[in-house]
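Residue numbers (our numbering), protein chains in the order written: chain Y, 1326 to 1520; chain A, 1326 to 1520. What follows is a set of notes on a single structure, which appears directly below.
Protein chains: 2
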Amino acid sequence: MSLRKEILEVSKEILIKDGFGKMSMRKIAGRCGVSATSIYLHFKNKDDLLLALIEESIENLKQALMEVLDPAKSMIDQLEVLARTYISYALEHPQEYEVIYMVRPEEMPKYPKEKFRDVRSAYELLADIIRKGKREESLDVESSLISAYTLWAQLHGVVSVILNKRLDTRIPQDQFIEQAIDHIIKGFVIQKTPA
Amino acid sequence: MSLRKEILEVSKEILIKDGFGKMSMRKIAGRCGVSATSIYLHFKNKDDLLLALIEESIENLKQALMEVLDPAKSMIDQLEVLARTYISYALEHPQEYEVIYMVRPEEMPKYPKEKFRDVRSAYELLADIIRKGKREESLDVESSLISAYTLWAQLHGVVSVILNKRLDTRIPQDQFIEQAIDHIIKGFVIQKTPA
DNA sequence: GAACAGAGGTTAACAGTGTTAAGTAAACTT
DNA sequence: AAGTTTACTTAACACTGTTAACCTCTGTTC
Chain Y
1326 MSLRKEILEV SKEILIKDGF GKMSMRKIAG RCGVSATSIY LHFKNKDDLL LALIEESIEN
1386 LKQALMEVLD PAKSMIDQLE VLARTYISYA LEHPQEYEVI YMVRPEEMPK YPKEKFRDVR
1446 SAYELLADII RKGKREESLD VESSLISAYT LWAQLHGVVS VILNKRLDTR IPQDQFIEQA
1506 IDHIIKGFVI QKTPA
Chain A
1326 MSLRKEILEV SKEILIKDGF GKMSMRKIAG RCGVSATSIY LHFKNKDDLL LALIEESIEN
1386 LKQALMEVLD PAKSMIDQLE VLARTYISYA LEHPQEYEVI YMVRPEEMPK YPKEKFRDVR
1446 SAYELLADII RKGKREESLD VESSLISAYT LWAQLHGVVS VILNKRLDTR IPQDQFIEQA
1506 IDHIIKGFVI QKTPA
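Below you can see the structure in the form of structure tokens.
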């Protein structure tokens, strides 16, 4: 196996097990049986390595979402199962999920550009469902793509509150998730308010 | 002025100007004219200092929210202006906002307990509006407190996507915010679906 | 075959980090 | 006056990401 791939695997292993704080270049290198500087032959710097990990993590999340997609179901049902899956996945793979939103902007000024086509495709996945829902008039949106991002943002918010332990101790996590999904989905479906 | 207070002020100054990454103990100490170790006489460690900053930041955010509260308006309108204010505040004070959600869980295992009454009171602020909306049957919620957390989470998600520069370059930020607020608010108002 | 170029690694070092242990000097208490 | 406490200091430990310089093996070209 190439060292590059081994670095990625080991990094991810450390990341998932011990969190980002413990993921040092020397530790990664040590576990690969090489010196720390060798990593710099395969990655520009730590952020660059992190970027590769982010891509992987998003790809995995996207995969998890795709697996629960069921064209037989209604768009609303699909949206709900996607929301549920997103949250479950994030809570079951907290360390990996955190990577996705961890790298701070100042450390990576020119984020998208060529890379991150996978990332976009993950959003397109949601946008597609929403677009279909819009066509069959079960969903109430203006721009499907923007709504996809909105949905994603809302889900991330819910996950973030839980992972960062910001949830009130009085509130049962399950109940919070259920109510959050309710609110989020309701925000997307057609409102048939009688004149 | 007490050194403790000066440390807090200087920390915040550095944090807002240069971001968390540049906020080192030695730098704070240097700018206070003392040695780095002095900080440990007033704060248990860096996380502890950060916690104090988080409290302050949340208090400021809460203050900004309280200022736009207007009992004359409908609950739905108030909810909307709160949402708008939350997002604006976060985007206008990005470094300060980031503090609120930055400290990672593993670094602070026992978060709430005695402290953070202010934090809770910020949520209660939202919960109050929601509770009133529920009473006058303009809002559709089960638990007001949980819905308050849900609203907060959703708003944080929207902000987070923008601050972390995860928004698609094709999407105008303003339009994203507008559509997000629409979806979020809609998720809370009563749905009068005709049987 | 000899000379060269580059790939893929090395060690040593720099400048920085959070944090602790031990020491000091002034102020308060008895 | 002696002792204790308070608020600080310096020195050091064990790390961090990153760079410069060096080495060694491989493949290519004359």
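Yeah, the Cβ is synthetic: ideal placement off N, Cα and C, and Gly gets one too.
Using a Cβ distance threshold of 8 Å, A1452 of chain Y and L1480 of chain Y do not count as a contacting pair. Three or more pairs of CB atoms, one per stretch, sit closer than 8 Å, so the region 1400–1419 of chain Y contacts the region 1480–1490 of chain Y. Between L1328 of chain A and C1357 of chain A, the C-beta gap is smaller than 8 Å, which places the two residues in contact. Residue environment: S1349 of chain Y is assigned as exposed (fewer than 16 neighbouring CB atoms within 10 Å of its CB, all protein chains considered).
In the DSSP assignment, Q1420 of chain Y falls within the unbroken alpha helix (DSSP H) covering P1419 to I1425.
Residue-level contact check: N1489 of chain Y touches chain A, since one or more beta carbons of chain A fall below 8 Å from its beta carbon. Taking a C-beta cut-off of 9 Å against chain A, none of the residues of the region 1387–1405 of chain Y qualify.
About 27 Å separates the CB atoms of S1472 of chain A and H1418 of chain Y; that is not less than 8 Å, and the two are not in contact. Contact check for I1425 of chain Y against I1379 of chain Y passes: the beta carbons are separated by less than 8 Å.
In this structure, the alpha-carbon of A1447 of chain Y lies about 47 Å from that of H1367 of chain A.
E1503 of chain Y: member of the alpha helix (DSSP H) spanning Q1498 to K1511, first to last residue. Not flagged as an interface residue toward chain A: G1458 of chain Y, since no C-beta distance is shorter than 8 Å. In the structure shown, V1359 of chain A adopts coil according to DSSP, grouped into three states. Proximity to E1421 of chain A across A:K1330, A:S1363, A:Q1403 and A:G1346 peaks at A:G1346, based on C-alpha coordinates.
Residues of the region 1492–1503 of chain Y that bring their beta carbon within less than 8 Å of a beta carbon in chain A comprise L1492, D1493, T1494, R1495, I1496, Q1500 and F1501, in sequence order. For the 8 Å CB-CB criterion, V1335 of chain A and I1353 of chain A form a contact. The C-beta of Y1411 of chain A comes no closer than 8 Å to any C-beta of chain Y. A direct Cα-to-Cα measurement between I1487 of chain A and P1497 of chain A gives close to 11 Å. Taking 7 Å as the cut-off between beta carbons, none of the residues of the region 1354–1368 of chain A comes near chain Y. At least one beta carbon of chain Y lies nearer than 8 Å to the beta carbon of L1470 of chain A. When the Cα atoms are used, A1397 of chain Y and Q1403 of chain Y turn out to be separated by approximately 9 Å. Between the alpha carbons of E1392 of chain A and K1330 of chain Y lies a distance of about 53 Å.
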